[in-house]
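Each residue of the sequence shown is one higher than the one before, starting from 11 at the first, in this note's numbering. First the structure, in the form of structure tokens, and then the observations on it.
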Amino acid sequence: MRMIVRGARLHTGEGRGAVAASLVDVEVAEDGRIAHLIPHDDEREPPVTGTLIEAHGGLLTAPFVEPHVHLDTALTAGEPRPNASGTLWEGIACWSERKRTLTREDVVARATEVLRWQAAQGVLYVRTHCDVTDPGLIALDALAEVRDRVRDVLTLQIVAFPQEGIVSFPDGERLMREAVVRGADVIGAIPHYEDTREDGVDSLRFAFELAERHGLRVDAHCDEIDDEQSRFVEVLATLALRSGLRGRATASHTTAMGSYNGAYSFKLQRLLERSGINLVSNPFANLNLQGRFDGYPKRRGLTQVKEMLAAGVNVAFGHDDVMDPWNALGTGNPLQTALMGLYAAQLTGTDEIPTAFSMVTDRAARVLGLDEDAYGIAEGAPANFVLLPATSPAEALRRQVRPRFVVSRGRVLAETPVAPTRLSWPGEDPAPVDFHPRPHPRLQ
Ligand code: 17E
Ligand code: FE2
């Protein structure tokens, strides 16, 4: 065996059964695949060859999946000027200026830096948007190069994202087609940014036709505006339903849904469920960028996360920005995304907290269309997993733990020692504090 993980608690999905009842050992074969998943037995001697990882009851989960990030704009916050108003629109204007100075090396360096942070934090599948409203398509070529360089350790999907529009941008349609030729994996759109509603509808039709022609998926920035009249998600869902792309389309952001009335929301739930589309909510960007034109009461800027989950729609959480014109902060850490999303969407019931964890793991995997034997911990599957120093998804979220080990294709990609804080409490000798609670039956 190449590796054995002993005594891990397997993350098995969301809800009450999120964690397997008994501990397991995972044996990884020389080919980098999981050879055996066997019940843990304290008495059994570990093998003498290969890497031995003692899990000590830690949570073993399939890797985190980032369903929505912008690696081309990452690490450009403040360049050439800060986003003073904090709106989406000024962010787009700042980026448009920065875009003129892009070079391939610049994009490769920034994107690679963020992917390294992501990998260190257990993210092994990433869907990045890439602005293709650039006549030179410099960022796209650069990200395609990065995708090839990292292929052996993580999977990168690139969305051809028309930041300044398809129909309303000069040569927008040609640039989208050219992006496919140059290797984009997914077709994007931005209907709420097009000049008119009709242009928005046309842009979605164009995106679906292009995707169908090339057998690709669709992931549109959709209704990212506090305008209750922005209703492109119904168009996207209908196109998904009527085209060959049922289940292969995603609407990202959909923040206008936070302003829809009850009657329309009810109608929409049924349509979205039938269409099989995925929704990606990006809590950092949405909380930051939306509500900026409101007085009080001020909207919170999120899509209908709880309601759409209840309606049977697949919803995931994305990080969106890492230090760029739309969010000067950001780390790429999916447990931060999930914690922020959990509070913003009020997924705070003890039965809902594991759902928030699944929104950066299994549910996000579904957005990327990772097929079942590529994603997940199972015999025969590639040995891609993360060992968290926590006993449950709720614990991992609460303590915001860094993975103890990140394993990709059967090799340790990242390792973080646990470094406890020493507390010199009055009247006591200095002792480590690990922020573990008394066992809490509802949160285990
Ligand atoms: N561009 C956009 O249109 N919306 C966003 N949230 C980001 C970039 C980050
Ligand atoms: Fe985005």
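All C-beta atoms in this analysis are idealised placements derived from N, C-alpha and C, irrespective of residue type, glycine included.
Just the C-alpha distance for residue i and residue j, rounded to the nearest angstrom, thanks.
| i | j | result |
| --- | --- | --- |
| A152 | P399 | 36 Å |
| R373 | D381 | 12 Å |
| G193 | A28 | 37 Å |
| L150 | G198 | 13 Å |
| V169 | P344 | 20 Å |
| G379 | R258 | 7 Å |
| Q454 | T22 | With a pLDDT of 48 at Q454, under the threshold of 50, the modelled position of that residue is not reliable, and the figure given next carries that caveat. For Q454 and T22, the distance between alpha carbons rounds to 14 Å. |
| V315 | F242 | 17 Å |
| D209 | E64 | 57 Å |
| Y385 | T71 | 10 Å |
| E438 | L397 | 33 Å |
| V79 | Y135 | 11 Å |
| E37 | H46 | 5 Å |
| P49 | P57 | 15 Å |
| H263 | V15 | 38 Å |
| D444 | A84 | 33 Å |
| R157 | R419 | 17 Å |
| G96 | S368 | 30 Å |
| V177 | G359 | 43 Å |
| Q239 | H202 | 10 Å |
| A388 | G17 | 16 Å |
| P145 | L185 | 7 Å |
| I287 | N324 | 7 Å |
| V163 | V124 | 14 Å |
| A355 | R309 | 12 Å |
| G60 | A221 | 44 Å |
| L433 | V118 | 43 Å |
| E55 | W127 | 35 Å |
| A129 | H224 | 30 Å |
| D330 | L423 | 24 Å |
| H139 | P413 | 26 Å |
| A30 | L20 | 5 Å |
Just to confirm the assignment, what range does the beta strand (DSSP E) spanning residue i have?
| i | result |
| --- | --- |
| F327 | N324 to F327 |
| Y135 | V133 to D141 |
| G68 | No beta strand (DSSP E) contains G68, which DSSP labels as neither H nor E. |
| D229 | R227 to C232 |
| Q167 | T165 to F171 |
| P430 | From DSSP, P430 is part of no beta strand (DSSP E); its letter is neither H nor E. |
| F415 | F415 to S418 |
| L423 | R421 to E425 |
| A9 | Because the chain spans 11 through 454 in this model, residue 9 falls outside it and cannot be assessed. |
| A441 | A441 to V443 |
So what does residue i bridge to, in DSSP terms?
| i | result |
| --- | --- |
| D334 | N337 |
| P49 | V34 |
| L62 | I14 |
| P399 | P399 pairs with nothing; no bridge assigned. |
| N490 | The displayed coordinates of the chain run from 11 to 454. Any statement about residue 490 would go beyond what the structure contains. |
| L349 | Note: L349 sits in no beta bridge, so no partner. |
| V196 | V169 and R227 |
| V177 | DSSP, once it has assigned bridges, lists no residue as partnering V177. |
| I387 | DSSP output for I387 lists no bridge partner at all. |
| H202 | DSSP output for H202 lists no bridge partner at all. |
| H21 | V29 |
| P392 | R43 |
| V290 | S262 and A326 |
Could you give the residue range of the alpha helix (DSSP H) that holds residue i?
| i | result |
| --- | --- |
| N298 | P293 to L299 |
| V58 | Run containing V58: none; DSSP gives neither H nor E here. |
| P364 | I363 to S368 |
| E222 | R207 to H224 |
| P77 | Segment F74 to H80 is the beta strand (DSSP E) holding P77; no alpha helix (DSSP H) there. |
| I102 | L98 to K109 |
| M267 | First-last for M267: undefined, no H or E at that position. |
| E183 | G182 to V191 |
| R129 | Before going on, a small fix: residue 129 reads as Ala here, not Arg. Note, A129: alpha helix (DSSP H), R114 to A130. |
| D304 | Taken as a continuous stretch (DSSP letters only), D304 belongs to no alpha helix (DSSP H), as it is neither H nor E. |
| D236 | Here D236 belongs to no alpha helix (DSSP H), and DSSP marks it neither H nor E. |
| K316 | V315 to A320 |
| T248 | F242 to R252 |
| A152 | I148 to V160 |
Comparing the CB of residue i with every heavy atom of the ligand ATP, is any distance shorter than 7 Å?
| i | result |
| --- | --- |
| H139 | Looking at this structure, you won't find the ligand ATP anywhere; what it does contain is the ligand 17E and the ligand FE2. |
Test item, CB below 7 Å from any non-hydrogen atom of the ligand 17E: Counting every residue whose Cβ lies closer than 7 Å to a heavy atom of the ligand 17E, we get H80, T83, L98, G101, I102, Q173, I200, Y203, H231, E234, H263, N292, A295, L299, D330, D331, D334 and W336.
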